[in-house]
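Numbering (UniProt numbering), first residue to last: 1 to 268. By construction, the Cβ of each residue, glycine as well, lies at the ideal position given by its N, Cα and C atoms. Note that the coordinates shown come from a computational prediction; the quantities given were computed from them, not determined experimentally.
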Amino acid sequence: MPELPEVERARQVLLGALDREIADIDDTDDWVCRPHRPGDIANALAGGRLVEAHRRGKAMWCETETADGSAGPRLGIHLGMGGRLIVSGDDGEQAGGEPDRPDRSPRKPEWDRFTVTFADGGQLRLFDKRRLGRVRLEPDIDALGPDAEDITPAQFRERIARGRSAVKARLLDQSVLAGVGNLLADETLWQARIRPSVPADELTRTELDRLHRALESSLRAAIEKGGVHTGEVIGERNADGACPRCGAPMLHGTVGGRSTWWCSAEQQ
DNA sequence: ACTCGTGTTAGCTG
DNA sequence: TCAGCTAACACGAG
């Protein structure tokens, strides 16, 4: 699920985990917590607290303090493809949404991949069936490009148009621009009427500006409606194979190594 | 039964 | 150096 809009909601959940004393950490999943060894994260943070929750693109991290009040290591959290954060208070009440349709597939404790237990009895959990999420100390935030919400038109043109890759591949490259995932990329290109496979350096200035405006509007819509799956094309994708705007057939293929939909008439 | 996928990253190849 | 591919993770949906 998570692209930028969903991750921002997860960050809001994470705020509920701040300023609470950390009593215990389960970091025994050595895939999710790689390259650390089990116990590394627990030893670094036990007795301390999380004090700030930040986000850049799809990456989140917390500033921490150790027991004596000095700065601790940053704790990086990435939700991967389907991870969710769940925070419970000292009363056991949870925030963070229901993990994965609890009615039909009851939550399995073994899908908690990382758990912080606070001294007040509450918890912060990373719930992630597929184990594609990641938790690590001192994540390299600077490897990411500017956040998709903050990038200026000039920055956008300069970064996206560099190189011969397909423009969709540039949008998806988190070191170019942070926060755009597969669905949001399709939605944005459709709104801008640009074919996903066009080499990035063949885009005109007009097209790049149009693409940037489309990114802003599709991001805004996704944040308002509660997720990228609410996009105009994305929501319709498989319905009847027709473009919701002009009715021409939607085409499907692989661009930048990812499943891609585009309008046969408008995105040429 | 079998393929595909809202993500990332190391490692390989041309 | 750049661009593109693969595997790894593990599960649900179609």
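Compute the beta-carbon to beta-carbon distance between residue 57 and residue 147, rounded to the nearest angstrom, for a pair I have assumed lies under 8 Å.
Mapped onto the first sequence, residue 57 falls at position 57. Mapped onto the first sequence, residue 147 falls at position 147. Indeed, because the Cβ distance is near 6 Å, the residues count as touching under 8 Å.
Just the Cα atoms here: how many angstroms apart are residue 171 and residue 91?
For the purposes of this step, residue 171 is taken as the residue at position 171 of the first sequence. For the purposes of this step, residue 91 is taken as the residue at position 91 of the first sequence. CA-CA distance, residue 171 to residue 91, rounds to 43 Å.
Extent of the continuous beta strand (DSSP E) run through residue 51:
As a working mapping, residue 51 is identified with position 51 in the first sequence. Element bounds for residue 51: 49 to 56.
On a Cα-Cα basis, can you pick out the residue from 50, 27, 35 and 45 that is closest to residue 15?
Here residue 15 corresponds to residue number 15 of the first sequence, with the count starting at 1. Among 50, 27, 35 and 45, the Cα nearest to that of residue 15 is on 50.
Three-state secondary structure (DSSP) at residue 187?
Counted from its first residue, the first sequence places residue 187 at position 187. It is helical.
Is residue 206 helix, strand or coil when you go by DSSP?
Here residue 206 refers to the residue found at position 206 of the first sequence. Reduced to three states, the DSSP call for residue 206 is helix.
Start-to-end residues for the alpha helix (DSSP H) that takes in residue 159
Sequence index remark: in the first sequence, residue 159 carries index 159 (1-based). It spans 153 to 160 - the alpha helix (DSSP H) in which residue 159 sits, taken as one unbroken run.
Output the distance between the C-alpha atoms of residue 28 and residue 165, rounded to the nearest integer angstrom.
Taking the first residue of the first sequence as position 1, residue 28 is located at position 28. Taking the first residue of the first sequence as position 1, residue 165 is located at position 165. Straight-line measurement puts the Cα of residue 165 at about 39 Å from the Cα of residue 28.
Cβ-based burial, residue 6 [other Cβ within 10 Å; buried from 16]
In the first sequence, residue 6 corresponds to position 6, counting from 1. Flag for residue 6 reads buried.
Rounded straight-line distance, which links the Cα of residue 128 to that of residue 59:
In the first sequence, counting from the first residue as 1, residue 59 sits at position 59. In the first sequence, counting from the first residue as 1, residue 128 sits at position 128. Looking at the two C-alpha atoms, the distance is approximately 15 Å.
Assuming residue 145 contacts residue 177 (C-beta within less than 8 Å), just tell me the rounded distance between them.
Within the first sequence, residue 145 is the residue found at index 145, counting from 1. Within the first sequence, residue 177 is the residue found at index 177, counting from 1. Correct: roughly 5 Å between the Cβ atoms.
Helix, strand or coil for residue 16, going by three-state DSSP, please let me know.
Here residue 16 is taken as the residue at index 16 of the first sequence, counted from 1. Residue state, collapsed to three classes: helix.
Considering just the uninterrupted stretch of the alpha helix (DSSP H) at residue 170, what are its terminal residues?
Reading the first sequence from its first residue, position 170 is the one you call residue 170. Note, residue 170: alpha helix (DSSP H), 167 to 172.
For residue 94, which beta-bridge partners are listed by DSSP?
Taking the first sequence and counting its residues from 1, one reaches residue 94 at position 94. Residue 94 pairs with 88.
Between the region 195 to 204 and the region 75 to 94, do three or more beta carbon pairs fall short of 8 Å?
No, the region 195 to 204 is not in contact with the region 75 to 94.
Taking the Cβ atom as the reference point for each residue, do residue 87 and residue 114 lie within a distance shorter than 7 Å?
Reading the first sequence from its first residue, position 87 is the one you call residue 87. Reading the first sequence from its first residue, position 114 is the one you call residue 114. Between residue 87 and residue 114, the gap from beta carbon to beta carbon reaches 7 Å or more.
Following the continuous beta strand (DSSP E) through residue 345, name the residue where it begins and the one where it ends.
The shown model of the chain, from 1 to 268, leaves out residue 345, and the question about it has no answer.
Could you pull the start and end residues of the beta strand (DSSP E) that residue 25 belongs to?
Position 25 of the first sequence, counted from the start, is the residue given in the question as residue 25. Here the beta strand (DSSP E) through residue 25 covers 22 to 26.
Apart from the five residues just before and just after residue 267, which ones in its own chain have a Cβ nearer than 8 Å to its Cβ?
Indexing the first sequence from 1 puts residue 267 at position 267. Excluding sequence neighbours, residue 267 sits near 189, 190, 193, 194, 195 and 196.
Boundaries of the beta strand (DSSP E) in which residue 262 is found, first to last residue:
Position 262 of the first sequence, counted from the first residue, corresponds to residue 262. Run containing residue 262: 258 to 263, per the beta strand (DSSP E) assignment.
Do residue 131 and residue 61 count as a contact pair if the criterion is CB distance below 7 Å?
Here residue 61 corresponds to residue number 61 of the first sequence, with the count starting at 1. Here residue 131 corresponds to residue number 131 of the first sequence, with the count starting at 1. Taking 7 Å as the cut-off, the Cβ atoms of residue 61 and residue 131 do not count as close.
Whole-angstrom distance between residue 121 and residue 42, CA atom to CA atom:
As a position in the first sequence, residue 42 is number 42, starting the count at 1. As a position in the first sequence, residue 121 is number 121, starting the count at 1. Distance between the alpha carbons of residue 42 and residue 121: 16 Å.
Using the rule of at least 16 other Cβ atoms within 10 Å of the residue's Cβ for burial, across every protein chain shown, is residue 154 buried or exposed?
Residue mapping note: residue 154 aligns to position 154 of the first sequence, counting from 1. Label assigned to residue 154: exposed.
Can the beta-carbon of residue 208 be found less than 7 Å from the beta-carbon of residue 157?
Numbered from 1 along the first sequence, position 208 holds the residue referred to as residue 208. Numbered from 1 along the first sequence, position 157 holds the residue referred to as residue 157. Taking 7 Å as the Cβ cut-off, residue 208 and residue 157 qualify as a contacting pair.
Look up residue 65 in the DSSP assignment and give the residues it is bridged to.
As a position in the first sequence, residue 65 is number 65, starting the count at 1. When DSSP reads this structure, residue 65 sits in a beta bridge with 49 and 71.
By the DSSP assignment, the beta strand (DSSP E) with residue 123 in it spans what residues?
The sequence position of residue 123 within the first sequence is 123, counting from 1. Taken as a continuous stretch (DSSP letters only), the beta strand (DSSP E) holding residue 123 covers 123 to 127.
Simplified DSSP assignment, three categories, for residue 252
As a working mapping, residue 252 is identified with position 252 in the first sequence. Here residue 252 sits in strand by DSSP.
Across which residues does DSSP place residue 60 in a beta bridge pair?
The residue labelled residue 60 in the question sits at position 60 within the first sequence. Among the bridge pairs identified by DSSP, residue 60 is matched with 55 and 77.
Given the structure, does residue 23 come close to the ligand SAH, in the sense that its CB is under 6 Å from one of the ligand's heavy atoms?
Judged by which ligands are present, the structure shown has none, so any question about the ligand SAH falls away.
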